[in-house]
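The opening residue of the sequence shown carries number 1 in UniProt numbering; numbering runs sequentially from there.
Just so you know, even glycine gets a beta-carbon here, dropped at the ideal spot from N, CA and C.
What follows is one structure encoded as structure tokens, with my remarks underneath.
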Amino acid sequence: MGVRLGVIADDFTGGTDIASFLVANGVKTIQLSGIQSLDSIADDVQAIVVSLKSRSNPVDEAIEQSLQALELLKTAGARQIFFKYCSTFDSTSRGNIGPVTDALLDALDENFTVVCPALPVNGRTTYQGYLFVNGVPLHESGMRDHPVTPMTDSSLVRLMDGQSTGTTGLVPVDTIERGREAVGEALAELKAAGNRYAVLDALNDRHLDVLGEAVAQMRLVTGGSGLGGAIARALPETARGERSSFTPKTGSAVILSGSCSVMTNDQVADYMTKGPCLAVDVDRLLTSPTGYDAEVLAWFSEQPSTGRAPLIFATAGPEEVQRLQRTYGSAESSQAIEGFFARIAIRLVQDGIQRMVVAGGETSGSVTTALGIAGFEVGEPIAPGVPWVRTLDGRVDLALKSGNFGTVDFFSQAQ
């Protein structure tokens, strides 16, 4: 097996995100749902993405899962390991990005790596070590109200220093403007000075291409899908294959949305003017859930079999999310919602659904796990970072959308 790149993604939509960038750049990629057997992986696969549900787990669990994924990828012969996290660096003050990075470095007997969540095509840029979302500092963006990982600091240097064991340096944009050799020299200087991590500025894809070449030989790289795509582009043409060519199914479809991001709220509002929509009664789920699943499934069955796919959503604005958390607790309300979508997904697939659009990393993880999906073939992107994927057994196509990805009309565009 000639696996060049092994990716450890801290959630399911993050896995499909980077897989789509690899596929778009000619790297044949298979995405696995958690730790799976490699027996069915074809010999010509060049990248394996292991998608975990470790972003918001307790730190010890996230480390354990990530180290298991590392061992699997080493078994596959991966020459480079990429720890993939969200382009908005979703984490708490305790992690999990820093602790997982430390554990991977130790397991690989390495003492230095880079930090680069930038994804300019989706408005995520890094300047002087500060992360911006569409030109707004991270802590002033909608991520400040994230129900699980609220981001209250935009400094990647401070974030890494606060949740990891080492110190963090910076390779600023003016160095990157000078090219690959200048970046390489800067990285060597930061490492020699005793830093364990280097934050990489990036304002555009040209910067990412320089960085992709500069880190191409590093054993461990961490970052977002933008850097993953740049590493793929840095490969020689002879190391790249043909893009995936499977055509998405055209059968019955459903949209499940658990994300409460700003963009997903806008996408739900847009779709409510176009197709059948049902808002999940979260209070009912948490107080008297008996029979509720059956009511939702009955509503779905009443919708026309042609036309727009029905949307079932628990997407809500910050005030409603805060009310639910105050009333029922953050963990309790999240678990109820994810459990609901998992149960609904199982029933819908049993009833013949062949296409499923799922919005939100936690929701995508719950749905994928509940369906017992071992892995995916990765197809062409619907939007940057959101491809169609097909289960390895061919039974269902999914579009697993990270909360803030896609344009306002994404739910219509996916169909």
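Roughly how many whole angstroms lie between the Cα atoms of residue i and residue j?
{"i": "residue 352", "j": "residue 251", "result": "9 Å"}
{"i": "residue 404", "j": "residue 320", "result": "18 Å"}
{"i": "residue 288", "j": "residue 130", "result": "45 Å"}
{"i": "residue 368", "j": "residue 257", "result": "14 Å"}
{"i": "residue 356", "j": "residue 110", "result": "40 Å"}
{"i": "residue 58", "j": "residue 307", "result": "42 Å"}
{"i": "residue 92", "j": "residue 11", "result": "15 Å"}
{"i": "residue 331", "j": "residue 116", "result": "29 Å"}
{"i": "residue 208", "j": "residue 301", "result": "47 Å"}
{"i": "residue 183", "j": "residue 349", "result": "49 Å"}
{"i": "residue 144", "j": "residue 318", "result": "10 Å"}
{"i": "residue 158", "j": "residue 169", "result": "10 Å"}
{"i": "residue 2", "j": "residue 146", "result": "39 Å"}
{"i": "residue 84", "j": "residue 66", "result": "11 Å"}
{"i": "residue 371", "j": "residue 346", "result": "6 Å"}
{"i": "residue 63", "j": "residue 391", "result": "27 Å"}
{"i": "residue 343", "j": "residue 293", "result": "8 Å"}
{"i": "residue 393", "j": "residue 415", "result": "22 Å"}
{"i": "residue 189", "j": "residue 197", "result": "12 Å"}
{"i": "residue 234", "j": "residue 290", "result": "54 Å"}
{"i": "residue 68", "j": "residue 106", "result": "14 Å"}
{"i": "residue 285", "j": "residue 359", "result": "19 Å"}
{"i": "residue 217", "j": "residue 338", "result": "39 Å"}
{"i": "residue 231", "j": "residue 312", "result": "37 Å"}
{"i": "residue 166", "j": "residue 248", "result": "45 Å"}
{"i": "residue 156", "j": "residue 82", "result": "18 Å"}
{"i": "residue 219", "j": "residue 48", "result": "15 Å"}
{"i": "residue 95", "j": "residue 9", "result": "15 Å"}
What first and last residue would you give for the alpha helix (DSSP H) that runs through residue i?
{"i": "residue 85", "result": "Looking at the DSSP string, residue 85 is not in any alpha helix (DSSP H), and its letter there is neither H nor E."}
{"i": "residue 24", "result": "12 to 24"}
{"i": "residue 318", "result": "318 to 328"}
{"i": "residue 355", "result": "Here residue 355 belongs to no alpha helix (DSSP H); instead the beta strand (DSSP E) covers 355 to 359."}
{"i": "residue 231", "result": "225 to 234"}
{"i": "residue 208", "result": "205 to 214"}
{"i": "residue 158", "result": "156 to 163"}
{"i": "residue 145", "result": "Element bounds for residue 145: n/a, residue is neither H nor E."}
{"i": "residue 436", "result": "Given that the chain is displayed from residue 1 to residue 415, the structure contains no residue 436 and the question cannot be resolved."}
Please name the residue, chosen from the options, that lies closest to residue i on a Cα-to-Cα basis.
{"i": "residue 119", "options": "411, 316, 413 and 384", "result": "384"}
{"i": "residue 195", "options": "160, 204 and 203", "result": "160"}
{"i": "residue 79", "options": "147, 103, 139 and 7", "result": "7"}
{"i": "residue 283", "options": "36, 328 and 360", "result": "328"}
{"i": "residue 263", "options": "13, 22, 106 and 401", "result": "401"}
{"i": "residue 162", "options": "172, 220, 99 and 40", "result": "99"}
{"i": "residue 310", "options": "296, 24 and 316", "result": "296"}
{"i": "residue 410", "options": "378, 148 and 268", "result": "268"}
{"i": "residue 125", "options": "141, 113 and 112", "result": "141"}
{"i": "residue 174", "options": "167, 186, 18 and 273", "result": "186"}
{"i": "residue 33", "options": "395, 365 and 408", "result": "365"}
{"i": "residue 87", "options": "228, 167, 37 and 218", "result": "228"}
{"i": "residue 13", "options": "90, 74 and 40", "result": "90"}
{"i": "residue 46", "options": "35, 31, 37 and 52", "result": "31"}
{"i": "residue 280", "options": "246, 324 and 153", "result": "324"}
{"i": "residue 408", "options": "278, 374 and 273", "result": "273"}
Take the Cβ of residue i as the centre, count every other Cβ of all protein chains shown within 10 Å, and call the residue buried at 16 or more, exposed below.
{"i": "residue 397", "result": "buried"}
{"i": "residue 128", "result": "exposed"}
{"i": "residue 474", "result": "In the structure as shown, the chain starts at 1 and stops at 415, and residue 474 therefore has no counterpart that could be examined."}
{"i": "residue 237", "result": "exposed"}
{"i": "residue 4", "result": "buried"}
{"i": "residue 55", "result": "buried"}
{"i": "residue 298", "result": "exposed"}
{"i": "residue 150", "result": "exposed"}
{"i": "residue 222", "result": "buried"}
{"i": "residue 27", "result": "buried"}
{"i": "residue 24", "result": "buried"}
{"i": "residue 202", "result": "buried"}
{"i": "residue 333", "result": "buried"}
{"i": "residue 379", "result": "buried"}
How is the beta strand (DSSP E) around residue i delimited, first residue to last?
{"i": "residue 101", "result": "Per DSSP, residue 101 belongs to no beta strand (DSSP E); it is in the alpha helix (DSSP H), 97 to 107."}
{"i": "residue 375", "result": "375 to 383"}
{"i": "residue 39", "result": "Here residue 39 belongs to no beta strand (DSSP E), and DSSP marks it neither H nor E."}
{"i": "residue 29", "result": "29 to 33"}
{"i": "residue 407", "result": "That residue, residue 407, is in no beta strand (DSSP E); it is neither H nor E in DSSP."}
{"i": "residue 419", "result": "It is not possible to answer for residue 419, since the shown part of the chain is limited to 1 through 415."}
In the DSSP output, which residue or residues are listed as bridge partners for residue i?
{"i": "residue 59", "result": "In the DSSP output, where bridge partners are listed per residue, residue 59 has none listed."}
{"i": "residue 312", "result": "256 and 278"}
{"i": "residue 292", "result": "Beta-bridge pairing links residue 292 to no other residue."}
{"i": "residue 423", "result": "Any question about residue 423 goes unanswered here, given that the chain covers just 1 to 415."}
{"i": "residue 169", "result": "198"}
{"i": "residue 137", "result": "132"}
{"i": "residue 271", "result": "In the DSSP output, where bridge partners are listed per residue, residue 271 has none listed."}
{"i": "residue 150", "result": "In DSSP, residue 150 forms no bridge with anything."}
{"i": "residue 388", "result": "399"}
When you compare the CB of residue i with every CB in chain E, is at least one pair closer than 8 Å?
{"i": "residue 33", "result": "Chain labels in this structure do not include chain E; a single protein chain is all it has."}
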